[in-house]
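Asker: Per full-length UniProt numbering, the very first residue in the sequence shown carries number 1; after that it's consecutive.
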Amino acid sequence: MSLLQIRNLRVEFDTAAGPFRALDGVDYTVEAGEVLAIVGESGSGKSVAMLAMMGLLPDSATVTADEMSFEGVDLRSLSTAQRRKVIGKDISMIFQEPIASLNPCFTVGFQLLETLKAHTDLNRRQRRDRVIELLTAVGIPEPERRVNAFPHQMSGGQCQRVMIAIATACHPKLLIADEPTTALDVTIQKQILDLLTGLQRDHGMGLIMITHDMGVVAETADRVVVQYQGKQMETADVLTLFEAPEHPYTRALLSALPENATGDRLPTVSDYTEAFASEQTEART
Numbered sequence: 001m002s003l004l005q006i007r008n009l010r011v012e013f014d015t016a017a018g019p020f021r022a023l024d025g026v027d028y029t030v031e032a033g034e035v036l037a038i039v040g041e042s043g044s045g046k047s048v049a050m051l052a053m054m055g056l057l058p059d060s061a062t063v064t065a066d067e068m069s070f071e072g073v074d075l076r077s078l079s080t081a082q083r084r085k086v087i088g089k090d091i092s093m094i095f096q097e098p099i100a101s102l103n104p105c106f107t108v109g110f111q112l113l114e115t116l117k118a119h120t121d122l123n124r125r126q127r128r129d130r131v132i133e134l135l136t137a138v139g140i141p142e143p144e145r146r147v148n149a150f151p152h153q154m155s156g157g158q159c160q161r162v163m164i165a166i167a168t169a170c171h172p173k174l175l176i177a178d179e180p181t182t183a184l185d186v187t188i189q190k191q192i193l194d195l196l197t198g199l200q201r202d203h204g205m206g207l208i209m210i211t212h213d214m215g216v217v218a219e220t221a222d223r224v225v226v227q228y229q230g231k232q233m234e235t236a237d238v239l240t241l242f243e244a245p246e247h248p249y250t251r252a253l254l255s256a257l258p259e260n261a262t263g264d265r266l267p268t269v270s271d272y273t274e275a276f277a278s279e280q281t282e283a284r285t
């Protein structure tokens, strides 16, 4: 039994201009201990898919799926209270822009304590000890002092580490990392990726890595889902994807990597428009 199974997921938003379909029939499978990368440019529906699975989309969204199960439990059948017991404990997510995700009015220690209070039976002293343990585990220096710091008193990399601590506080079975290295310098990016993959291996978690960075995909993923304009272009294990990509859009993404440049300029997706259009025409006939 797969840890997460989603089939034919569709998401449509009501807008002033009419219905807008953000996702059109995508599938995801994640096994325990596996790293699945969801890759594609901004607007391809990567984050929307995960928010839909977690029940975090606004009321203007209509979500349908043939299957949406976690450890064999149908997530669509859960009440709001039942879903809250799963989200944040068994399924956890690191959102984009850590400084924006943390509440500026509360210390990072308080925000960690909130998660532990909601999902564990630890007493006050045990929760405090667990907070220090978590901050230490994610590499925050002087955790006993930093527990009383506000988000604006910490760097972007430290805030991202706090978000990872919050997300892993209850040893989730599935962790979703949404663009976890955005706006961080290269050195910090490497540290954050090593931290995430280390935690994933140590605890045997399933990990979904949402990114548009093919370098991150190559370094972390076991399997890859490639999305474009709300549709799934290709799914493959990471070695197959890099060595023998089948879809023109996937080939365009890989060709845009600096190390794959063969001319005076980097190729763009538009350079593959003819092949991409031909592929779509064949799919419809």
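C-beta atoms are modelled at their ideal positions from N, C-alpha and C, and glycine is treated no differently.
Which residues does DSSP pair with Val11 in a beta bridge?
Answerer: According to DSSP, Val11 bridges with Leu23, Val63.
Asker: For the region 223-237 against the region 33-43, do three or more pairs of beta-carbon atoms, one drawn from each stretch, fall closer than 8 angstroms, so that the two count as touching?
Answerer: yes
Asker: For His171, which residues of its own chain have a beta-carbon under 7 angstroms away from its beta-carbon, when the five flanking residues on both sides are left out?
Answerer: Apart from sequence neighbours up to five positions away, the residues of its chain that approach His171 with a beta-carbon distance below 7 angstroms are His203, ordered along the chain.
Asker: Would you grab the beta carbon distance between Ile188 and Ile94 for me? Rounded to a whole angstrom, and I think it's under 8 angstroms.
Answerer: Not quite, the Cβ-Cβ distance comes to about 15 angstroms (not below 8 angstroms), so this is no contact.
Asker: I'd like to know if the region 4-13 and the region 53-69 are in contact, where contact means that at least 3 CB-CB pairs between them fall below 8 angstroms.
Answerer: yes
Asker: Mark Cys105 as exposed unless 16 or more other C-beta atoms lie within 10 angstroms of its C-beta, in which case mark it buried.
Answerer: Flag for Cys105 reads exposed.
Asker: Rounded to whole angstroms, what is the Cα-Cα separation between Gly72 and Ile6?
Answerer: 11 angstroms
Asker: Among Lys46, Lys190, Leu3, whose alpha-carbon lies nearest the alpha-carbon of Gly25?
Answerer: Of the residues Lys46, Lys190, Leu3, the one whose Cα lies closest to the Cα of Gly25 is Lys46.
Asker: Where DSSP assigns a beta bridge to Val30, which residues make up the other side?
Answerer: Secondary-structure assignment with DSSP links Val30 through a beta bridge to Leu4.
Asker: Are the CB atoms of Leu239 and Met214 nearer to each other than 9 angstroms?
Answerer: no
Asker: Alpha carbon to alpha carbon, what distance is there between Asp66 and Arg83?
Answerer: 19 angstroms
Asker: Ile87: which of Glu97, Leu122, Met50, Pro58 sits nearest, CA to CA?
Answerer: Selection Glu97, Leu122, Met50, Pro58 evaluated against Ile87 yields Met50 as nearest (Cα-Cα).
Asker: To the nearest angstrom, how far is the alpha carbon of Tyr228 from that of Arg124?
Answerer: 47 angstroms
Asker: Under the three-state reduction of DSSP, which class applies to Asp185: helix, strand or coil?
Answerer: coil
Asker: In the region 134-209, which residue ranges form an unbroken beta strand (DSSP E) of at least 3 residues, counting only runs that do not cross its ends?
Answerer: 174-178
Asker: In this structure, what does DSSP give as the bridge partners for Met93?
Answerer: Ile176
Asker: Is the beta carbon of Cys159 less than 9 angstroms from the beta carbon of Pro98?
Answerer: yes
Asker: Report back the beta-carbon spacing between Thr250 and Met233 to the nearest angstrom; my notes put them in contact at under 8 angstroms.
Answerer: 6 angstroms
Asker: Mind checking who Val73 pairs with in its DSSP beta bridge?
Answerer: Phe70
Asker: For Leu195, which residues from the same chain have a beta carbon less than 8 angstroms from its beta carbon, with the 5 sequence-adjacent residues on both sides left out?
Answerer: Val138, Gly139, Arg161, Ile164
Asker: Within the same chain, show all residues whose beta-carbon is closer than 7 angstroms to that of His119, passing over the 5 residues directly before and after it, in chain order.
Answerer: Gly88, Lys89, Cys170
Asker: What distance in whole Å lies between the Cβ atoms of Ser69 and residue 310, which are believed to be in contact at a cut-off of 8 angstroms?
Answerer: Past the boundaries of the shown model lies residue 310; the chain is included only from 1 to 285, so the question cannot be answered.
Asker: Buried or exposed: Ala16, going by 16 or more other Cβ atoms within 10 Å of its Cβ?
Answerer: exposed
Asker: Got a sec, what are the start and stop residues for the alpha helix (DSSP H) Thr220 sits in?
Answerer: 214-220
Asker: Within 10 angstroms of the Cβ of Thr80, are there 16 or more other Cβ atoms? Answer buried if so, exposed if not.
Answerer: Counting Cβ neighbours within 10 Å, Thr80 comes out exposed, since fewer than 16 surround it.
Asker: On the three-state DSSP scale, how would you describe Asp121?
Answerer: coil
Asker: Buried or exposed: where does Glu179 fall if 16 or more other Cβ atoms within 10 Å of its Cβ makes it buried?
Answerer: Counting Cβ neighbours within 10 Å, Glu179 comes out buried, since at least 16 surround it.
Asker: Determine which residues share a DSSP beta bridge with Asp237 and list them.
Answerer: Arg223
Asker: Can you give me the start and stop residues for the beta strand (DSSP E) that Ala52 sits inside?
Answerer: Where Ala52 is concerned, there is no enclosing beta strand (DSSP E), although the alpha helix (DSSP H) around it starts and stops at 46-54.
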